[in-house]
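Engineer:
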Amino acid sequence: MHEHRASHLTGLLLPLADRHLILPNVAVAELIDYQSSAFDLDTPPWFLGWVSWRERQIPLLSFESACGQKTVMGERVRIVVLNALGGRPELRFIALLVQGIPRSCKLDSQLSYVDVPLCGLEQAAVQVGEHVAKVPDLLALEELVVAAGLVQHHKP
């Protein structure tokens, strides 16, 4: 049933401290205001604590830190809640720290790939308008969360 697939997909450009991520619209559940959260010191540096969203506790991650860079708390910091794709009942959503409001952009099937260095959590880089945007490997991000034991096992 792929013959009617639209050649245009709506993507969201997420501004991070040192890069842009591009995601399909459907991957993003909601954009919420930043809330500081408590976390233990023995958790990985990319884990920024739990955020409350729709009566759930969701792990908040810094993508930059997961790629080995510093976590930056800019003044326009927000949180994007992503739909987890791995189908694990204990991990339905993950939250990502972003620096500002994601922008909607039209993507066509002729994405121009850019040859730039990628971190292990990035699948590709594409040119979106004036930005080079990284395509994050959301499944790998989920694996990171699960491997660190950062999933909520209790029902609220």
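Note that the numbering used here numbers the sequence shown so that position 114 is 123, with each residue one more than the last.
For each residue, glycine too, the CB sits at the ideal point set by N, CA and C.
Rank 43, 42, 58, 41 by C-alpha distance to the C-alpha of residue 49 and give the top, closest one.
Structural biologist: The shortest C-alpha separation from residue 49 is found at 58.
Engineer: Considering only the beta carbon of each residue, do residue 147 and residue 69 sit closer than 8 Å?
Structural biologist: No.
Engineer: Could you pull the start and end residues of the alpha helix (DSSP H) that residue 151 belongs to?
Structural biologist: Here the alpha helix (DSSP H) through residue 151 covers 147-156.
Engineer: Counting only the same chain and skipping the five closest in sequence on each side, list residues whose C-beta sits under 8 Å from that of residue 124.
Structural biologist: Result list for residue 124: 134, in chain order.
Engineer: Give the DSSP-derived three-state secondary structure of residue 86 in the structure shown.
Structural biologist: If DSSP states are grouped into helix, strand and coil, residue 86 belongs with the strands.
Engineer: Three or more beta-carbon pairs under 8 Å between the stretch 116-132 and the stretch 34-51, yes or no?
Structural biologist: At 8 Å Cβ cutoff, the stretches do not touch.
Engineer: Using the beta-carbon count (16 or more within 10 Å), is residue 143 buried or exposed?
Structural biologist: With 16 or more Cβ atoms within 10 Å of its Cβ, residue 143 is classed as buried.
Engineer: By the DSSP assignment, the alpha helix (DSSP H) with residue 139 in it spans what residues?
Structural biologist: First-last for residue 139: undefined, no H or E at that position.
Engineer: By DSSP, does residue 131 sit in helix, in strand, or in coil?
Structural biologist: Strand.
Engineer: Near residue 93, what residues of its chain come up, given a Cβ to Cβ distance below 8 Å and the 5 sequence neighbours on each side ignored?
Structural biologist: Excluding sequence neighbours, residue 93 sits near 100, 101, 102, 103, 147, 151.
Engineer: Look up residue 39 in the DSSP assignment and say whether it is helix, strand or coil.
Structural biologist: Here residue 39 sits in strand by DSSP.
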